[in-house]
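A.B. asks: To start, I am sharing the structure in question, which I have written as structure tokens.
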Amino acid sequence: MRAVIADDSVLLREGLARLLAEAGIETCALVGDGEELEQAVAEHRPDVALVDIRMPPSFTHEGAQAALRLREAHPELAILLLSQTLESRYAATLARDHPARFGYLLKDRVLDVATLLDAIERIVGGGTVLDPEVVSHLLGRRGNGGALAALTAREHQVLELMAQGFTNAGIARTLYVHEKTVDSHISMIFSKLGLLPEVDAHRRVLAVLTWLQKAPQPGD
Amino acid sequence: MACAAVWVVLATASGAALVFDDRLRDLGRTDLTWDPVVIAVYTAAIASAGLIGTALVLQREGHPVGWSFLALATSLAAMAGMDQYAREGAVARPGSLPAASAVAHLVDPLFLAFFASVALALHLTPTGRFLDRAWARMGWGTIAAAVLGYAAGIFSDRPIDAPYEGVVNPLALPGLGNLLATLREVGAMLTALGLLVGAASLFVRYRRSEGDDRLQLLWMVLATAPLPLCVLVAFLFRDADNQAPQLLATAGWVVVVPVTAALSITRYHLFEVERILSRTFTYLLLTVVVIATYSGAVVAVGYALTGVAGSGTIAAVVATLTAVSVAAPARRWLQDALDRRFNRRRYDALRVVERHLRSPAAGSSIEEVLAEALGDPTLAVAYHVEERAQWVTSDGRPTEPTDAVEVHRDDGPVARVSFDASRAARHLVETVTALSLPELDNARLRAAMALQVVELHESRARITTAQLAERRRIERNLHDGAQQRLLALGFELQAALLNGDPARLASDVARAVDQTRVVLDELRDLANGLHPEVLNDGGLAAALDDLSRRVPGVVTSRCPESRFDPDVEATAWFVVCEAVANASKHAASTIIQVDVAEQERSLLVSISDNGSGGADSTGSGIQGIRDRAEAAGGWMELDSPPGKGTTVRVELPCVP
Numbered sequence: 000m001r002a003v004i005a006d007d008s009v010l011l012r013e014g015l016a017r018l019l020a021e022a023g024i025e026t027c028a029l030v031g032d033g034e035e036l037e038q039a040v041a042e043h044r045p046d047v048a049l050v051d052i053r054m055p056p057s058f059t060h061e062g063a064q065a066a067l068r069l070r071e072a073h074p075e076l077a078i079l080l081l082s083q084t085l086e087s088r089y090a091a092t093l094a095r096d097h098p099a100r101f102g103y104l105l106k107d108r109v110l111d112v113a114t115l116l117d118a119i120e121r122i123v124g125g126g127t128v129l130d131p132e133v134v135s136h137l138l139g140r141r142g143n144g145g146a147l148a149a150l151t152a153r154e155h156q157v158l159e160l161m162a163q164g165f166t167n168a169g170i171a172r173t174l175y176v177h178e179k180t181v182d183s184h185i186s187m188i189f190s191k192l193g194l195l196p197e198v199d200a201h202r203r204v205l206a207v208l209t210w211l212q213k214a215p216q217p218g219d
Numbered sequence: 000m001a002c003a004a005v006w007v008v009l010a011t012a013s014g015a016a017l018v019f020d021d022r023l024r025d026l027g028r029t030d031l032t033w034d035p036v037v038i039a040v041y042t043a044a045i046a047s048a049g050l051i052g053t054a055l056v057l058q059r060e061g062h063p064v065g066w067s068f069l070a071l072a073t074s075l076a077a078m079a080g081m082d083q084y085a086r087e088g089a090v091a092r093p094g095s096l097p098a099a100s101a102v103a104h105l106v107d108p109l110f111l112a113f114f115a116s117v118a119l120a121l122h123l124t125p126t127g128r129f130l131d132r133a134w135a136r137m138g139w140g141t142i143a144a145a146v147l148g149y150a151a152g153i154f155s156d157r158p159i160d161a162p163y164e165g166v167v168n169p170l171a172l173p174g175l176g177n178l179l180a181t182l183r184e185v186g187a188m189l190t191a192l193g194l195l196v197g198a199a200s201l202f203v204r205y206r207r208s209e210g211d212d213r214l215q216l217l218w219m220v221l222a223t224a225p226l227p228l229c230v231l232v233a234f235l236f237r238d239a240d241n242q243a244p245q246l247l248a249t250a251g252w253v254v255v256v257p258v259t260a261a262l263s264i265t266r267y268h269l270f271e272v273e274r275i276l277s278r279t280f281t282y283l284l285l286t287v288v289v290i291a292t293y294s295g296a297v298v299a300v301g302y303a304l305t306g307v308a309g310s311g312t313i314a315a316v317v318a319t320l321t322a323v324s325v326a327a328p329a330r331r332w333l334q335d336a337l338d339r340r341f342n343r344r345r346y347d348a349l350r351v352v353e354r355h356l357r358s359p360a361a362g363s364s365i366e367e368v369l370a371e372a373l374g375d376p377t378l379a380v381a382y383h384v385e386e387r388a389q390w391v392t393s394d395g396r397p398t399e400p401t402d403a404v405e406v407h408r409d410d411g412p413v414a415r416v417s418f419d420a421s422r423a424a425r426h427l428v429e430t431v432t433a434l435s436l437p438e439l440d441n442a443r444l445r446a447a448m449a450l451q452v453v454e455l456h457e458s459r460a461r462i463t464t465a466q467l468a469e470r471r472r473i474e475r476n477l478h479d480g481a482q483q484r485l486l487a488l489g490f491e492l493q494a495a496l497l498n499g500d501p502a503r504l505a506s507d508v509a510r511a512v513d514q515t516r517v518v519l520d521e522l523r524d525l526a527n528g529l530h531p532e533v534l535n536d537g538g539l540a541a542a543l544d545d546l547s548r549r550v551p552g553v554v555t556s557r558c559p560e561s562r563f564d565p566d567v568e569a570t571a572w573f574v575v576c577e578a579v580a581n582a583s584k585h586a587a588s589t590i591i592q593v594d595v596a597e598q599e600r601s602l603l604v605s606i607s608d609n610g611s612g613g614a615d616s617t618g619s620g621i622q623g624i625r626d627r628a629e630a631a632g633g634w635m636e637l638d639s640p641p642g643k644g645t646t647v648r649v650e651l652p653c654v655p
């Protein structure tokens with residue numbers, strides 16, 4: 000697997016490259032801003048791009064904007080956005096609008112090599128990855144009342160994993176349960192939240208994120 | 000040209016009048032000569048109307064009122080000349096002069112021309128136009144009535160006034176006698192009425208005008224006021240043998256009218272006219288009131304004490320006391336009454352201000368009261384804050400008043416009142432603000448306090464902004480520095496772990512320790528910039544030693560070892576750091592000298608450098624130092640001549 004890393008901090012991108020190298024992922028380019036990133040992707044055609052959201056010159060969402068342009072130009076490219084700070088609403092919107100081959104992780108999370116490698120693997124495989132912090136923040140915003148209160152503890156866990164972009168198999172693996180059990184949890188969740196069951200993983204992420212981002216309604 | 004022709008007529012007619020008057024005297028007919036007083040008044044009237052008419056026609060490009068006065072002068076002169084000619088030719092020596100009887104009849108109704116031209120002048124002053132179409136119709140009607148009356152008069156066969164009782168009219172149209180006599184009477188009545196209408200027009204114009212325009216019409220209005228009386232006198236003495244009262248009433252009045260009309264038209268500066276006039280009238284009337292009171296009291300007391308010894312003395316004492324006690328209130332009352340009559344706006348404005356000064360309504364400022372009094376909502380008062388040499392609004396905001404009435408006290412300006420000249424007349428603003436001086440002076444003190452509050456707010460806002468900026472700087476430092484380094488460190492260690500080779504692990508851990516040291520230094524620097532540990536432990540002296548170790552260039556410091564209040568130490572530290580940062584960042588200094596001196600009740604901090612000088616005293620660095628020093632109850636002084644280095648001196652109050 001081949002990767003491109005975009006981060007304005009030289010130290011950080013060197014460290015990240017080193018980590019990926021040890022995990023057997025070849026880094027074909029290290030760049031410092033969005034423009035360089037687009038050139039590097041066009042030139043090296045990597046499988047995945049690890050992009051810092053905040054980059055020069057504006058230090059706002061330069062990385063995310065470059066990622067959106069990359070998504071247009073290279074639909075087959077997996078993109079993992081890395082962020083120092085939690086911007087859950089922005090991240091959820093990005094994930095909802097472009098669920099395929101897209102991930103958003105906090106930089107702190109990257110220190111856990113297994114999580115990083117799992118995320119890269121999932122998005123390169125076509126899935127979606129959303130940092131658990133984002134999901135729990137969105138859930139927290141909905142509060143504990145309404146429809147969420149009707150979920151069992153296990154259903155709650157399954158909903159979080161769904162929102163993080165896990166497939167049924169992934170959820171089953173994480174919770175150590177059979178895939179059939181996950182299926183039945185999911186259909187319960189969908190009926191409790193008043194959503195139509197979705198088989199397609201991307202559309203399922205979209206439905207869940209849309210529901211989570213919606214302002215809480217009385218009776219939800 | 001026309002003017003010159005008029006003057007030829009004037010000179011000829013006046014000359015003729017004097018010549019024939021002289022001849023009548025020679026003939027021993029002193030009963031037919033004119034009284035010297037009448038001649039003097041007549042001459043004055045002709046001169047006044049002629050000269051002012053000419054001046055107006057020439058200077059105001061044929062101003063209609065100028066022509067009215069020239070017509071007036073001509074009719075007066077013609078009246079005099081023709082009258083004297085007819086007196087000799089038709090009365091003293093009948094048949095000696097040609098057409099003397101006809102001239103006698105031509106001059107008899109000539110007063111109508113004089114009436115008509117005065118009426119026209121009253122209508123047209125000062126603009127040269129009638130007030131509106133209705134007044135214009137009345138004006139032209141007056142002229143028509145005069146022409147009709149005059150024409151009927153010269154062709155009438157009725158006997159005319161003395162001294163021409165026996166003179167037969169050679170121009171008379173026989174058979175029309177009754178009709179012409181009636182027409183003459185009607186024409187004369189209507190013309191006299193027209194004259195009164197002209198006066199009414201002037202008065203209406205006066206009532207409608209405002210400000211300076213109104214003031215400039217005042218003269219003419221006052222001069223016109225006795226007109227109804229004049230007309231009455233003229234009619235009463237029409238048939239009397241002695242025509243002196245009639246002439247005096249009419250011609251004497253005619254001297255004044257052109258003068259006042261000219262004042263109105265040329266907009267002569269009359270700022271003091273109103274005051275002088277109203278005072279003069281007030282004191283004239285007051286004299287009458289006091290004398291009447293005195294006499295009344297003398298009579299009353301004398302009557303009551305009839306037969307009592309010394310009643311005369313008692314009456315005098317009582318009368319004097321009564322008159323004295325009446326004088327002051329009567330003066331106020333008369334002044335008010337005159338103001339109410341002649342200068343309603345001034346009267347109302349003064350009433351509004353006086354009411355406020357007597358019992359200030361809660362919540363209404365002197366500015367609002369002045370605006371209400373003068374009817375100008377745009378009126379604004381700026382107060383002078385002497386210590387700052389600055390003008391401020393009542394809520395303490397700096398302002399630049401222009402073109403305003405300034406109010407003074409002995410020791411300097413108090414306030415400036417800006418107003419809309421189209422709403423309030425300047426002289427009125429001056430009167431009203433002068434009356435408000437004590438209240439304006441109070442408001443000035445409040446404005447000065449408000450200015451301090453505004454400045455306090457501004458400095459507090461600057462401190463808050465500076466603190467926020469500082470916070471952002473620290474956040475950025477933490478984010479870009481320590482945080483990234485620690486993350487990178489984490490990646491390195493993870494990679495080493497993943498690799499698993501012991502030799503590799505050892506070298507990676509060694510590198511990680513180095514990295515940790517760098518992060519530690521960075522964090523320490525950051526914290527030192529805020530409130531260094533050394534300041535807590537060793538005080539200012541120790542902190543300054545540490546500072547000189549960390550700043551590029553030579554920093555020398557002198558500081559007492561003693562400790563001060565922690566807040567004072569923190570402020571002094573902030574001041575030194577900012578000044579040193581400015582010196583090395585902006586001024587390219589190579590030597591910086593920091594001196595801290597302990598005084599009886601304060602700490603004196605001074606930072607001097609050998610840099611480029613010319614520091615901007617409003618720059619954020621210097622402003623920040625000043626704000627911090629002032630917030631701590633101290634002051635800052637900046638001395639930074641271009642090219643000669645910079646010295647910042649700060650004194651902070653403290654108790655050792």
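Those protein sequences? They're chains Y and E, same order as listed.
Its first residue numbered 0, the first sequence is counted upward by one per residue in numbering that gives the first Met the number 0.
Its first residue numbered 0, the second sequence is counted upward by one per residue in numbering that gives the first Met the number 0.
The beta-carbon is built from N, C-alpha and C at its ideal position, and this holds for glycine as well.
Since this is a predicted model, take the numbers as computed values, not measurements.
(1) I need the DSSP call for Met219(E), collapsed to helix, strand or coil.
(2) Leu79(Y) lies in the beta strand (DSSP E); which residues open and close that run?
(3) My output table needs one value for His155(Y): the three-state DSSP class, helix, strand or coil.
(4) In chain order, what residues of the same chain have a beta carbon less than 7 Å from the beta carbon of Met187(Y), not counting five sequence neighbours either side?
(5) Would Leu522(E) pass as an interface residue toward chain Y - the criterion being a Cβ-Cβ separation below 7 Å?
(6) Residues in its own chain within less than 6 Å of Gly176(E) by CB, not counting five upstream and five downstream?
(7) Determine, for Glu21(Y), whether the minimum Cβ-Cβ distance to residues of chain E falls below 7 Å.
(8) Please report whether the beta-carbon of Gly670(E) lies at a distance below 7 Å from any beta-carbon of chain Y.
(9) Quick one: is Ala420(E) buried, meaning 16 or more other Cβ sit within 10 Å of its Cβ, or exposed?
(10) For the segment 108-137 of chain E, list the beta strand (DSSP E) runs that are entirely contained and at least 3 residues long, ordered along the chain.
(11) Tell me whether the beta-carbon of Ser393(E) lies closer than 7 Å to the beta-carbon of Ala360(E).
(12) Do Ala16(Y) and Leu29(Y) have their C-beta atoms within less than 7 Å of each other?
(13) Examine chain Y for any beta-carbon lying closer than 7 Å to the beta-carbon of Asn476(E), and answer yes or no.
(14) State the DSSP-derived secondary structure class of Arg516(E), mapped to helix, strand or coil.
(15) Would Arg140(Y) pass as an interface residue toward chain C - the criterion being a Cβ-Cβ separation below 7 Å?
(16) Where DSSP assigns a beta bridge to His407(E), which residues make up the other side?
(17) Does chain E have any CB closer than 7 Å to the CB of Leu18(Y)?
(18) I want to see whether chain Y comes within less than 7 Å of Phe563(E), judged by CB atoms only; does it?
(19) I need the straight-line Cα distance from Arg350(E) to Thr432(E), nearest angstrom please.
(20) For the segment 105-131 of chain Y, list every residue whose C-beta sits within 8 Å of some C-beta in chain E, in sequence order.
(21) Got a sec: is the Cβ-Cβ distance from Ala494(E) to anything in chain Y below 7 Å?
(22) Measuring CB to CB, does Arg186(E) end up less than 7 Å from Ala120(E)?
(23) Per DSSP, what are the beta-bridge partners of Tyr103(Y) in this structure?
(24) DSSP beta-bridge partners for Leu378(E)?
(25) Between which two residues does the alpha helix (DSSP H) carrying Pro652(E) extend?
(26) Would you mind reading off the limits of the alpha helix (DSSP H) that contains Ile188(Y)?
(27) If you check the beta carbons only, do Leu67(Y) and Leu81(Y) fall under 7 Å apart?
(28) For a contact defined as C-beta to C-beta under 8 Å, what are the partners of Asn498(E) on chain Y?
(29) Quick check on Arg562(E): buried or exposed, where buried means 16 or more other Cβ atoms within 10 Å of its Cβ?
(30) With C-beta atoms as the reference, is Asp608(E) less than 7 Å away from Ile621(E)?
(31) Compute the Euclidean distance between the alpha carbons of Glu399(E) and Val391(E), then round it to the nearest angstrom.
(32) Does chain E have any CB closer than 7 Å to the CB of Leu10(Y)?
(33) Please state if the CB of Arg183(E) and the CB of Gly140(E) are separated by a distance shorter than 7 Å.
(34) Counting only beta-carbon atoms, is Ala487(E) nearer than 7 Å to chain Y?
(35) Let me know if Gly33(Y) comes out buried or exposed under the rule of 16 or more other beta-carbons within 10 Å of its beta-carbon.
C.D. replies: Quick look at the numbers:
(1) Numbered from 1 along the second sequence, position 220 holds the residue referred to as residue 219(E). Helix.
(2) Taking the first residue of the first sequence as position 1, residue 79(Y) is located at position 80. In the DSSP annotation of this structure, the continuous segment of the beta strand (DSSP E) that includes Leu79(Y) starts and ends at Ala77 to Ser82.
(3) As a working mapping, residue 155(Y) is identified with position 156 in the first sequence. In the structure shown, His155(Y) sits in a helix (DSSP, three-state: H, G or I).
(4) Working through the first sequence from its first residue, we reach residue 187(Y) at position 188. The answer, listed in chain order, is Glu154.
(5) Locating residue 522(E) in the second sequence gives position 523, where the first residue counts as 1. With 7 Å as the cut-off, Leu522(E) does not count as an interface residue toward chain Y.
(6) As a working mapping, residue 176(E) is identified with position 177 in the second sequence. Contacts found: Asp156.
(7) Locating residue 21(Y) in the first sequence gives position 22, where the first residue counts as 1. So yes, Glu21(Y) belongs to the interface.
(8) Given a span of 0 to 655 for chain E in the structure shown, any question on residue 670(E) remains unanswerable.
(9) Your numbering for residue 420(E) matches position 421 in the second sequence. By the 10 Å Cβ count, Ala420(E) comes out exposed.
(10) Here no run is fully enclosed.
(11) For the purposes of this step, residue 393(E) is identified with residue 394 of the second sequence, where counting begins at 1. For the purposes of this step, residue 360(E) is identified with residue 361 of the second sequence, where counting begins at 1. The Cβ-Cβ distance between Ser393(E) and Ala360(E) does not fall below 7 Å.
(12) In the first sequence, counting from the first residue as 1, residue 16(Y) sits at position 17. In the first sequence, counting from the first residue as 1, residue 29(Y) sits at position 30. Yes, the pair counts as a contact, with Cβ atoms nearer than the cut-off.
(13) The sequence position of residue 476(E) within the second sequence is 477, counting from 1. No, Asn476(E) does not count as interfacial toward chain Y.
(14) Numbered from 1 along the second sequence, position 517 holds the residue referred to as residue 516(E). Helix at Arg516(E).
(15) Annotation note: the requested chain C is absent from the structure, which comprises protein chains Y and E.
(16) Here the question's residue 407(E) lines up with position 408 in the second sequence. According to DSSP, His407(E) bridges with Pro412(E).
(17) On the first sequence, position 19 is the one that residue 18(Y) refers to. Look at Leu18(Y): its C-beta is under 7 Å from a C-beta on chain E.
(18) One-based indexing of the second sequence puts residue 563(E) at position 564. With 7 Å as the cut-off, Phe563(E) does not count as an interface residue toward chain Y.
(19) On the second sequence, position 351 is the one that residue 350(E) refers to. On the second sequence, position 433 is the one that residue 432(E) refers to. Each residue's Cα considered, the two are about 13 Å apart.
(20) Here the close residues are Lys106, Asp107, Val109, Leu110 and Val112.
(21) The count along the second sequence starts at 1 and reaches residue 494(E) at position 495. The Cβ of Ala494(E) sits closer than 7 Å to at least one Cβ of chain Y.
(22) Mapped onto the second sequence, residue 186(E) falls at position 187. Mapped onto the second sequence, residue 120(E) falls at position 121. Residue 186(E) is actually Gly in this sequence, not Arg. In terms of Cβ geometry, Gly186(E) and Ala120(E) do not form a close pair [threshold 7 Å].
(23) Taking the first residue of the first sequence as 1, we reach residue 103(Y) at position 104. Beta-bridge pairing links Tyr103(Y) to Leu80(Y) and Leu129(Y).
(24) Your numbering for residue 378(E) matches position 379 in the second sequence. DSSP, once it has assigned bridges, lists no residue as partnering Leu378(E).
(25) As a first step, residue 652(E) must be located in the second sequence, where it is residue number 653. No alpha helix (DSSP H) holds Pro652(E); the beta strand (DSSP E) holding it covers Thr646 to Pro652.
(26) As a working note, residue 188(Y) is residue 189 in the first sequence. Unbroken alpha helix (DSSP H) run through Ile188(Y): Glu178 to Leu192.
(27) Working through the first sequence from its first residue, we reach residue 67(Y) at position 68. Working through the first sequence from its first residue, we reach residue 81(Y) at position 82. Contact flag unset, no.
(28) Indexing the second sequence from 1 puts residue 498(E) at position 499. Contacts between Asn498(E) and chain Y, judged by CB atoms closer than 8 Å, involve Glu21 in chain order.
(29) For the purposes of this step, residue 562(E) is identified with residue 563 of the second sequence, where counting begins at 1. Exposed, by the Cβ-count rule.
(30) Position 609 of the second sequence holds residue 608(E). Position 622 of the second sequence holds residue 621(E). Taking 7 Å as the Cβ cut-off, Asp608(E) and Ile621(E) do not qualify as a contacting pair.
(31) Position 400 of the second sequence, counted from the first residue, corresponds to residue 399(E). Position 392 of the second sequence, counted from the first residue, corresponds to residue 391(E). Near 8 Å, if we compare the C-alpha coordinates of Val391(E) and Glu399(E).
(32) Stepping through the first sequence from its first residue, residue 10(Y) is reached at position 11. At least one chain E Cβ lies under 7 Å of Leu10(Y).
(33) Locating residue 140(E) in the second sequence gives position 141, where the first residue counts as 1. Locating residue 183(E) in the second sequence gives position 184, where the first residue counts as 1. Arg183(E) is positioned such that its CB atom lies no closer than 7 Å to that of Gly140(E).
(34) If you number the second sequence from 1, residue 487(E) lands on position 488. Yes, Ala487(E) lies at the interface with chain Y (some Cβ there is under 7 Å from its Cβ).
(35) What you label residue 33(Y) is simply residue 34 of the first sequence in a count that begins at 1. Per the 10 Å Cβ criterion, buried.
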